[in-house]
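Here our numbering is used: the first residue of the sequence shown is 147, the next is one more, and so on.
Quick reminder that beta carbons are idealized off the backbone N, C-alpha and C, glycines included.
Please read these numbers as outputs of a predicted model, since none were measured by experiment.
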Amino acid sequence: MQLLFELLQSFGELPEELVIYLVSLLTSIIIGFAGEAVGMGFITRAINNGKGRGGGFAWGFWLGLIGIIVVACRPAKKANTTDRSGDNPPPRPDALEMMAVDSQVWFCPGCGRPHYSTESVCQCGVYKK
Ligand SMILES: [Zn+2]
147 MQLLFELLQS
157 FGELPEELVI
167 YLVSLLTSII
177 IGFAGEAVGM
187 GFITRAINNG
197 KGRGGGFAWG
207 FWLGLIGIIV
217 VACRPAKKAN
227 TTDRSGDNPP
237 PRPDALEMMA
247 VDSQVWFCPG
257 CGRPHYSTES
267 VCQCGVYKK
């Protein structure tokens, strides 16, 4: 704050009241922006948490409205439900991506989840045959 004072005074012989006014004006603007950034951070964190993701504060804090748009447009994290029904639910949507990198992808006979050939046991407890 002292630095700001000296900076303003170096511009010329400003009346002290004006310098004090300008400093307090600048201070409130800075605090206002900081407060807004924190508010935006809380908004993006709330959106992120609503999508099942952790964190997200930095998006709004640093990018403001842009961060909110980014967080709002990101897809929700897939729910990590453990399916023990034993039926044949459709494979996870990323099965094709997995097959693209691993031709030996296997599907769990218990729940139908796709697995890389390096995985030997499914989340549902069924072992690879
Ligand atoms: Zn399984």
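Secondary structure of Tyr-262, DSSP reduced to three states: Taking the first residue of the sequence shown as 1, we reach residue 262 at position 116. It is coil, neither helix nor strand.
The alpha helix (DSSP H) enclosing Leu-160, as first and last residue numbers: Along the sequence shown, one-based indexing puts residue 160 at 14. For Leu-160, no alpha helix (DSSP H) run applies, since DSSP gives it neither H nor E.
Any non-hydrogen atom of ligand 1 within 7 Å of Arg-259 CB: In the sequence shown, residue 259 corresponds to position 113, counting from 1. Correct: Arg-259 has its Cβ closer than 7 Å to ligand 1.
The segment 189 to 196 / the segment 162 to 176 touching (three or more Cβ pairs under 8 Å): no
DSSP-derived helix/strand/coil call for Val-247: Translated into the one-based positions of the sequence shown, residue 247 becomes position 101. DSSP places Val-247 in helix when its eight states are reduced to three.
Beta-carbon gap between Leu-154 and Leu-171 smaller than 8 Å: Here residue 154 refers to the residue found at position 8 when the sequence shown is read from its first residue. Here residue 171 refers to the residue found at position 25 when the sequence shown is read from its first residue. No. Outside cutoff.
Cβ neighbour criterion (16 or more within 10 Å) applied to Asn-195: The count along the sequence shown starts at 1 and reaches residue 195 at position 49. Burial call: exposed.
Boundaries (first-last residue) of the alpha helix (DSSP H) holding Gly-206: In the sequence shown, counting from the first residue as 1, residue 206 sits at position 60. From DSSP, the alpha helix (DSSP H) with Gly-206 extends over 203 to 209.
Distance, Lys-274 Cα to Ser-266 Cα: Mapped onto the sequence shown, residue 266 falls at position 120. Mapped onto the sequence shown, residue 274 falls at position 128. Each residue's alpha carbon lies about 5 Å from the other.
Host alpha helix (DSSP H) of Gln-155 (start-end): Here residue 155 refers to the residue found at position 9 of the sequence shown. 148 to 155 is the extent of the alpha helix (DSSP H) around Gln-155.
Spatial distance of Trp-205 from Pro-255 (CA atoms): For this step, residue 205 is matched to residue 59 along the sequence shown. For this step, residue 255 is matched to residue 109 along the sequence shown. Taking the straight line from one Cα to the other gives about 41 Å.
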